[in-house]
Amino acid sequence: MTTTTTPHHQVASATARMRGIADALVEASVWSMSVPEAASTLVELGRLKAQVIELEARVAAHADEVQVGTEVGATSTSNWYAHQTRETRSAAYRTVRRGYDLAIYDRVRSALAHGDLRLEQADVIIRSIRALPDGLDSDLLIKAEEHLVTAAQEHDAKRLTILGRRLLEVIAPELADQHESDLLEREEAKAAQGCRFTMSDDGHGKVHGRFTLPALEAAELKKMLLALAAPKHLAATHGPGVERRPGPERMGRAFAELIDRISAKDLPQVGGRDATIVVTIDHDTLLGRLHKAGILDTGERISPAAARRLACTAKIIPVVLGADSEILDVGRARRFFTKAQLTALSIRDGGCVTEGCDWPPWMCHAHHWTRWTDGGPSDLDNAGLLCPHHHARAHDPTYDTQRQPDGTIRFHRRN
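Using my numbering, the first residue of the sequence shown is number -8, and each one after it goes up by one.
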């Protein structure tokens, strides 16, 4: 609970009067204000808000110095203020912190106090000055503050942020290039560590995702998508008169086309194979005689039409099936398995054949059950897919490998 006292200090008295004036305007109608008066009043209210923000921050810092709230057991002034005003603790802390910051940057404080600066602008100016290299002469820091406060008369906070990044070019040009280089290197290293990519299948034919990229790679991706989403490209690929789609949809379709255009030859191999999607489909379905879903080696199912579309543009790898859907040998005698054999193994085994392992086929290695050096052939009967961990264990002399009737294997440590 706060204690109501009779205001004596100039700031306290003025605050009480301003609150009284604001209370008198609670029911005041504004419908009769003329257009010029409404415009000028709105601008003046913005200036007044800036002045109140500065005054609030100044009083908050003083309240922290005199430890307001300690008599009621508050752990800090910001916590006490948050409780009294129902603000979040983080918002109350920023108010107190802003009071201390404005005491350091007096030109920012004065402009805010006169209503010539907005809160966002003030925060940007302070952050920009703090981002300058350590050890700069105090006169240079004053020059930087004056420069940005003056620039704030014509530029909003977003533009001030850009100007703040080039601040050294104004106050110390001889240091600007090196500082910018160091700053960009730090930002790029942080951005590289912050790369993220997530995908989730909604079970209804769509996959949703989110990503975070460094600015360079994001700019490259944007350029690619804009090229594929350009009206001329759409007219060339879909014919004239194609309706111009909304921005997000147009970019989404461009992203899908970009993925279709990437060649497996441009990607690193995984487990000795190209990063190629393998579709298992009946021959009659491929020829259009039947309508049966195609199955991807990643487990997803696609329509016969989509499978036939892929067949028009992709290299077809035939997999010949026997009477009981048994995959026949597609390789020939050699030390290493062929890409065709690896494809066949991916379809047959569906991933690592070790019991309980769920590694997908495209991340597995082909293993000779009877070693090639011991006379084992490089054919499908003598092969199975193992993930890197279990492949290493298969060659570890401290383990025995036991093949089960269902085709899976178990490892047992030798005594």
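Idealized CB from N, CA, C, for every residue including glycine.
Spatial distance of L377 from I250 (CA atoms): 28 Å
For D186, count neighbouring Cβ atoms within 10 angstroms of its own Cβ and tell me buried if that reaches 16, exposed if not. The question names Asp, but residue 186 is Cys in the sequence shown. Counting Cβ neighbours within 10 Å, C186 comes out exposed, since fewer than 16 surround it.
Quick check on the burial criterion: 16 or more other C-beta atoms within 10 angstroms. Buried or exposed for T68? buried
Rounded to whole angstroms, how far is the Cβ of V115 from the Cβ of T152, which I believe are closer than 8 Å? 5 Å
So, with DSSP's three-state summary, where would you put R109? coil
Can you look up Y390 in the DSSP assignment and give me helix, strand or coil? Judged by DSSP in its simplified three-state form, Y390 adopts strand.
CB-CB length for S337 against W353, believed under 8 Å: 7 Å
Find out if the Cβ-Cβ distance for the pair L108, I162 is shorter than 9 Å. no
Three-state secondary structure assigned by DSSP to V34: helix
Report the residue from G155, I120, R77 whose alpha carbon sits nearest the alpha carbon of Y96. I120
Can you give the Cα-Cα distance for F188 and T203, rounded to whole angstroms? 7 Å
With DSSP as the reference, identify every bridge partner of M190, one or two as the case may be. G200
Is it a yes or a no for the region 28 to 41 touching the region 70 to 80, going by three-plus beta-carbon pairs under 8 Å? no
Is it buried or exposed for L217, if we count other Cβ within 10 angstroms and need 16 for buried? exposed
So, does the region 7 to 27 touch the region 76 to 83, judging by three or more C-beta pairs under 8 Å? By the Cβ criterion, the region 7 to 27 is not in contact with the region 76 to 83, since fewer than three pairs of Cβ atoms, one from each stretch, lie closer than 8 Å.
Assuming contact is defined by CB atoms lying nearer than 9 Å, are G398 and G375 in contact in what I supplied? yes
Going by DSSP in three states, L420 sits in which element: helix, strand or coil? Since the displayed the chain opens at -8 and closes at 406, residue 420 lies outside it and no answer follows.
Could you tell me whether the Cβ atoms of L174 and A122 are closer together than 9 Å? yes
Span separating the alpha-carbon of E408 from that of D193: What is shown of the chain runs -8 to 406, which leaves residue 408 out entirely.
Using beta-carbon positions only, say whether L93 and E137 come within less than 9 Å of one another. no
Looking at chain C, is there any beta carbon in it that lies within less than 9 Å of the beta carbon of K134? Here chain C cannot be found, since the structure has a single protein chain.
Label R89 either buried or exposed according to how many other C-beta atoms from any shown protein chain fall within 10 Å of its C-beta, with 16 as the threshold for buried. buried
Go through its chain and collect everything with a Cβ distance to N373's Cβ below 6 Å, but skip five positions before and after it. H359, W360, T361, G367
Within 10 angstroms of its Cβ, does G200 collect 16 or more other Cβ (buried), or is it exposed? exposed
Leaving out the 5 sequence neighbours to the left and right, which residues in its chain are closer than 6 Å to H105 when beta-carbon positions are compared? none
Around the C-beta of I253, are 16 or more other C-beta atoms found within 10 angstroms, so that it is buried, or is it exposed? With fewer than 16 Cβ atoms within 10 Å of its Cβ, I253 is classed as exposed.
Is it true that the CB of T345 sits closer than 9 Å to the CB of H381? A contact, by the Cβ cut-off of 9 Å.
Evaluate R323 with the Cβ neighbour count: other Cβ atoms within 10 Å of its Cβ, from every protein chain shown; 16 or more gives buried, anything less gives exposed. Low per-residue confidence applies at R323: pLDDT is 36, beneath 50, and the placement is therefore not dependable enough to give any value.
Could you compute how far the alpha carbon of T304 sits from the alpha carbon of A247? In this prediction, T304 scores a pLDDT of 47, lower than 50, which makes its location untrustworthy; no coordinate-derived value is stated.
Boundaries of the beta strand (DSSP E) in which L376 is found, first to last residue: 374 to 377
Have a look at V43, P124, E56 and flag the residue whose alpha-carbon is nearest the alpha-carbon of L103. V43
Using only the alpha-carbon positions, how far apart do K213 and E78 sit? 40 Å
Measuring CB to CB, does C348 end up less than 9 Å from G341? no
Can you give me the Cβ contacts of A183 inside the same chain, cut-off strictly under 8 Å, excluding the 5 residues immediately before and after it? P205, listed in sequence order.
May I ask you to list the residues that DSSP assigns as paired with A357? Beta-bridge annotation (DSSP): A357 is paired with L376.
Where does the unbroken beta strand (DSSP E) through F402 begin, and where does it stop? 400 to 404
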